[in-house]
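In the numbering used here, the protein residues as written are 20 to 456.
Read the structure below first, then the notes.
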RNA sequence: GCGGCCAUAGCUCAGUUGGUUAGAGCACUUGAUUGUGAUUCAAGGGGUCGCGGGUUCGAGUCCCGUUGGCCGCCCCA
């Protein structure tokens, strides 16, 4: 086992692995195209400041960052959001609204690898800029569901939990919390599912004891799992902001339901999402069995474009990772069988026949048919064995007898039938035998 | 950054209380086979037993360190 190893948390994609990854990418791209999103790409290496501005200096510990030869502080990208905000922000005045963009790209985080999390991974990112209303959320949640459902995953396999940081802010304000306390509470809510009551320890240390009646209300709120419960809790408060917000909620849930996707959505105020740049609706996709990390996450971030120095542009977005998606597809048996073989294997009699075969092989390949042939002269028996093992559906036989007659023998490797066709018709015959245009 | 488990051929693994030249199946290459493929038979290549050190007459085996993998904690944009 001499030589070199790849770095920890980085994957190598052998052909079979690559085809599985490609299946995922293709599915994402197909869904995004169907929803009218436009694809973009961006640099892998960015100024470090792009990320510290967005997330604070602490983030550097989790970045692949270094100083380049021009003394610039740089980092491999850990996410797409700041980059796409910069791209959109720089041309915001010239872009037609709503701006619906997506990308499929590799990201890098300097963290300890574990199940569903690596140091290099791929994400599908979809964002809508320039639409402040909940119509953008409807579009993105529908796209998220299609991006997973497109692989054959159903409502029994995954679901999307929908929550709202705005409602949390409004509700906690109504309970008398100030802004710093509110952030402390949200941090506790974020961990409550995992840690239980201990989640509030940090809050108590920073802000003092939490009154029992208030804590009970917070706990009741984070356990809300439906719109009627939400309305019942909030309507009595009589706040205009809250009433307007509930209208947004009804729009989102009504829109998603009208698309026939209601079964994929769960109202769940227990979701608030870690870092605090989200400003409204937030959502996460999970597998139903719940033994994997989050499949996808996203939400509204209306302040970020401005914070990075550009126009005040509302935005919503989400990202799906390839690692957890791949694990789920594997678990559900939805990974397609690897097909690496050609359509056609050409059996060649000898040197003279090889030249005739080459002429036709080039014609077939130029039309997009996948054609293989043996590099070296081999006994016919060997060639048929190789043809069979290659997975090809057809063999074309270029032997001395055939060429003397101006024909090529086409053998169907599945049913073993054979027939001779004039050389000039090889392309048309091969295409029709393969069911290709 | 912290903790648990693990590491023998490309893959799955065997390898006795420490004892000669480290094995099997699958996979791969070649031949039996100069006009017809899933079988069969034969041969072959491939290992510094993850790496480094220690104990010992002797280490794949015991000890220490290290690297990597899996799992968990912190974090999770």
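Every residue gets a Cβ at the ideal spot worked out from N, C-alpha and C, and that includes glycine.
- Between residue 122 and residue 59, the alpha-carbon positions lie close to 5 Å from each other.
- With fewer than 16 other Cβ atoms inside 10 Å of its own Cβ, residue 41 counts as exposed.
- Collapsing the DSSP output to three states places residue 116 in coil.
- Just so you know, the alpha carbons of residue 440 and residue 37 end up roughly 38 Å apart.
- The continuous alpha helix (DSSP H) containing residue 379 extends over residues 370–385.
- Buried is the label assigned to residue 146, since at least 16 other Cβ atoms lie within 10 Å of its Cβ.
- In this chain, residue 428 is not harboured by any alpha helix (DSSP H); it is covered by the beta strand (DSSP E) spanning 426–431.
- Residue 278 and residue 372 have their C-alpha atoms spaced approximately 60 Å apart.
- Below 8 Å, too few C-beta pairs join the segment 51–58 and the segment 355–364 to call them touching: fewer than three.
- Counting along the chain, residue 183 sits inside the beta strand (DSSP E) bounded by residues 177–183.
- In the structure shown, residue 84 falls within a strand segment according to DSSP collapsed to helix, strand and coil.
- With a beta-carbon spacing of about 14 Å, residue 437 and residue 424 fall beyond the 8 Å limit used to define contacts.
- Nearest Cα to residue 114 within the set 102, 149, 124, 253: 149.
- In the structure shown, residue 128 falls within a coil segment according to DSSP collapsed to helix, strand and coil.
- The Cβ-Cβ distance between residue 286 and residue 157 does not fall below 8 Å.
- In this structure residue 165 is buried. Its beta-carbon is surrounded by 16 or more other beta-carbon atoms within 10 angstroms.
- In this model, residue 46 and residue 332 are separated by some 29 Å (Cα to Cα).
- Counting the other CB atoms within 10 Å of its CB gives residue 358 a total below 16, which places it among the exposed residues.
- For residue 134 against residue 189, the beta-carbon gap comes to about 37 Å, at or over 8 Å, which does not count as contact.
- Looking from the CA of residue 397, the closest CA among 330, 326, 416 belongs to 416.
- Straight across, the Cα-Cα distance linking residue 254 with residue 262 is about 7 Å.
- For residue 243, the secondary structure class from DSSP, reduced to helix, strand or coil, is coil.
- Judged by DSSP in its simplified three-state form, residue 210 adopts helix.
- Of 34, 33, 39, the smallest CA-CA separation from residue 346 is found for 39.
- When the alpha-carbon of residue 48 is set against those of 110, 270, 120, 217, the nearest one is in 120.
- Secondary structure within the segment 256–295: the beta strand (DSSP E) runs of 3 or more consecutive residues, fully enclosed, are 284–286 (chain order).
- As computed with DSSP, residue 417 is found in a beta bridge with 367.
- Segment contact: the segment 64–78 against the segment 93–100, three or more CB-CB distances shorter than 8 Å; contact assigned.
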